[in-house]
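Peer 1:
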Amino acid sequence: MDSAALDALDELRDIHAPEPVSWWPPAPGWWIVLGLVLLATLIGLGLRYWRKKNALRESALAELAHIKTEFSESQDAVQLAARLSILLRRVAISGGDRKKAALKGRAWLAYLDETGQTRAFSEGAGQVLISAPYQSSAELDADALLAAVEAWLQTSRAGR
0 MDSAALDALD
10 ELRDIHAPEP
20 VSWWPPAPGW
30 WIVLGLVLLA
40 TLIGLGLRYW
50 RKKNALRESA
60 LAELAHIKTE
70 FSESQDAVQL
80 AARLSILLRR
90 VAISGGDRKK
100 AALKGRAWLA
110 YLDETGQTRA
120 FSEGAGQVLI
130 SAPYQSSAEL
140 DADALLAAVE
150 AWLQTSRAGR
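Oh and the sequence shown: position 88 is 87 in numbering that gives the first Met the number 0, straight run, nothing missing.
1. Would you identify the three-state DSSP class for I85, choosing helix, strand or coil?
2. Among the residues of its own chain, which have a CB less than 8 Å from the CB of E62, if the five just before and after it don't count?
3. Select from K51, G115, L55, E138 the residue whose C-alpha is nearest the C-alpha of Q74.
4. Under the three-state reduction of DSSP, which class applies to W30: helix, strand or coil?
5. Alpha carbon to alpha carbon, how far is S155 from R56?
6. With distance defined between alpha-carbon atoms, name the residue in S135, I92, A101, E149 nearest to T117.
7. Using C-beta distances below 6 Å, list every residue in its chain close to D140, excluding the 5 sequence neighbours before and after it, in chain order.
8. Going by beta carbon distance, what residues of the same chain come within less than 7 Å of P25, once the five residues before and after it are set aside?
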């Protein structure tokens with residue numbers, strides 16, 4: 000080889016590899032995957048919360064149906080008022096209103112009206128819940144009382 004070619008070869012430099020690819024920031028595709036995972040997690044948690052809250056209401060409505068069946072067989076108004084009162088308090092406690100479930104008298108009826116967005120307890124058929132469970136016999140409008148309790152279970156913030 001001639002000296003000019005050797006001089007040219009000496010001036011050549013080695014190939015430098017590029018810097019290694021950094022792990023941060025991730026490629027846009029990984030951001031999309033992360034967003035989808037977060038979205039799926041939030042949807043899953045929301046469904047779980049919704050099912051749990053609806054389970055309380057569905058359980059209470061099933062208990063109410065059982066109470067209706069027993070009342071249609073026995074026609075015991077005192078027992079009906081007592082069972083409905085217990086059911087309403089259990090739902091209030093399960094819904095997180097433990098202190099409110101301890102209310103008595105008109106305060107309890109006002110709480111039921113407030114959470115059920117109704118007046119059926121303090122001004123309507125629900126007034127018997129104060130005294131009927133403690134009497135030997137009671138006169139009450141069973142259909143109106145059952146309808147008020149069912150409406151409260153459907154719309155109440157306490158059972159959600």
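Backbone N, C-alpha and C define an ideal beta-carbon position, used for all residues, glycine too.
Peer 2: Let's see:
1. helix
2. Answer for E62: L86, listed in chain order.
3. E138
4. helix
5. 9 Å
6. For the residues S135, I92, A101, E149, the minimum Cα distance to T117 belongs to E149.
7. A124
8. none
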